[in-house]
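Here's the structure, in structure tokens; my notes come after.
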Amino acid sequence: MSFEQKAVILNGLARGGTNIIWNILQSHPNVVSPVYEVNQIIGTRSFLTPLKPLLVSNPIPSLAPLINRFVHRRFTSYKLKNLAIEDNRYKTENTPYSPDEVHNATLCIKGVCSANNWDIDYSDLLYQSFPQVFFIGLVRNGYAICEGWKRRGVSPKKAGKLYARYVDQLVNDQARYPDYKIIKFEDALQAPFAVAETLFGFIQETPTAIPKLRIKVKKTVNLKQKHRTHYGELNRKYWFSQETIGEIIKPDINHLQVNGLSEQEKAIFKKEAQEALKYFSYE
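Structure follows, in structure tokens:
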């Protein structure tokens, strides 16, 4: 497996739409994932958790080359897992990958930030571990994220603080790294194929236009504020054309989620996240 392989790093907040964007990127025949998120491979949900200060801060510069090679090999070694996963082993709807194609494909890594882990902290480590890195930073209406977190026990105040912290770090990283693109989740809801074409162009993959996108089924909020699947089987992936993509991606999901917050909850969240919301015109 070549140390010269490039990587795409997708950073986003939990409940912020990373599932859809990650799967849009993996719909390209030359893009695969390491299956798991950063926190599961080297972060807070892995056995390497105690080493975060060493991995993130690089306190011993002489160890950097060794650490970078270890991180590169650890992530790329997960690529072959795609061949054993029914929904991942196809590069197009009916054409499976060969082992060599998976070996040589661009690696797309997902970092998620939540109350329990902060994968964006590993951005510099990943940047140093691959010779060519394209960063994609995902933002979403903060009120919709707050509603998703509220259902999981996170208070609006804490959600606001985390949202503000994430946006601040995202904007700083965009100024720091040469190939960094920030996208809005709402754009993907409205025009997923157009966003896919833009992203494939940004990460320098051809073709930039593909006939179908492969999306993973997740639960979403409905009009009655119930959290349900609306298509197929939970956690399975299906291919969608431009004519059928509306069966899985619902442009009104933000509106439904924001309506799940009380005015008081919105005000509490806004107090903590107002500048971040304004920066991306969500307020």
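For the sequence shown, the positions run 9 to 291 when our numbering is used.
We put the beta carbon where it would ideally sit given N, CA and C, even for glycine.
Hey, quick one: how far does the beta strand (DSSP E) through residue i stretch, first residue to last?
i, result
"Ile117", "Thr114 to Cys121"
"Phe288", "Per DSSP, Phe288 belongs to no beta strand (DSSP E) and is neither H nor E."
"Trp247", "Lys245 to Phe248"
"Val147", "Val141 to Val147"
"Ala15", "Ala15 to Leu21"
"Tyr188", "Tyr188 to Lys192"
Compute the distance between the beta-carbons of residue i and residue j, then report whether it is under 9 Å.
i, j, result
"Ile117", "Ala15", "yes"
"Asn76", "Leu133", "yes"
"Ala284", "Ala172", "yes"
"Thr114", "Glu213", "yes"
"Phe142", "Asp187", "yes"
"Tyr130", "Gly24", "no"
"Arg82", "Ile128", "no"
"Leu178", "Val147", "yes"
"Val40", "Leu63", "no"
"Trp157", "Lys166", "yes"
Who are the Cβ neighbours of residue i in its own chain at under 6 Å, not counting the five residues just before and after it?
i, result
"Leu21", "Cys121, Ile153 and Tyr174"
"Trp30", "Leu18 and Lys118"
"Phe201", "Gln250"
"Asn262", "Asn149 and Ala152"
"Lys278", "none"
Buried or exposed, going by whether 16 or more other CB atoms sit within 10 Å of the CB of residue i?
i, result
"Glu251", "exposed"
"Leu71", "exposed"
"Gln198", "exposed"
"Gly254", "exposed"
"Ser289", "exposed"
"Ala281", "buried"
I believe residue i touches residue j by the beta-carbon criterion, under 8 Å. Please report the beta-carbon distance rounded to the nearest angstrom.
i, j, result
"Thr237", "Lys224", "Contact flag wrong, Cβ pair sits at about 11 Å."
"Glu155", "Gly268", "4 Å"
From what residue to what residue does the alpha helix (DSSP H) around residue i run?
i, result
"Gly254", "That residue, Gly254, is in no alpha helix (DSSP H); it is neither H nor E in DSSP."
"Ala167", "Pro164 to Arg184"
"Val64", "Lys60 to Ser65"
"Tyr98", "Premise fails: Tyr98 lies in the beta strand (DSSP E), Tyr98 to Thr100, not in any alpha helix (DSSP H)."
"Gly150", "Gly150 to Lys158"
"Arg222", "Segment Leu221 to Lys224 is the beta strand (DSSP E) holding Arg222; no alpha helix (DSSP H) there."
"Ile29", "Thr26 to Gln34"
Looking only at its chain, what residues have a beta carbon closer than 7 Å to the beta carbon of residue i, apart from the 5 residues adjacent to it on each side?
i, result
"Met9", "Caution applies to Met9, whose pLDDT of 39 falls short of 50 and renders its modelled position unreliable; the value that the coordinates give is listed next. For Met9, where only same-chain residues beyond five positions count, the Cβ hits under 7 Å are Thr84 and His111."
"Asn27", "Lys224 and Lys226"
"Pro219", "Ser249"
"Met86", "One detail in the question is off: residue 86 reads as Tyr in this sequence, not Met. Answer for Tyr86: Pro42, Val43, Tyr44 and Ile49, listed in chain order."
"Asn124", "Thr52"
"Lys89", "Val43"
"Tyr185", "Tyr135 and Phe143"
Verify the CB distance criterion: does residue i have a CB-CB separation below 9 Å to chain C?
i, result
"Leu207", "The structure shown contains no chain C; it holds only a single protein chain."
Under 8 Å: does the beta carbon of residue i sit that close to some heavy atom of the ligand FAD?
i, result
"Ala113", "The model on display carries no ligand, and the ligand FAD is accordingly not part of it."
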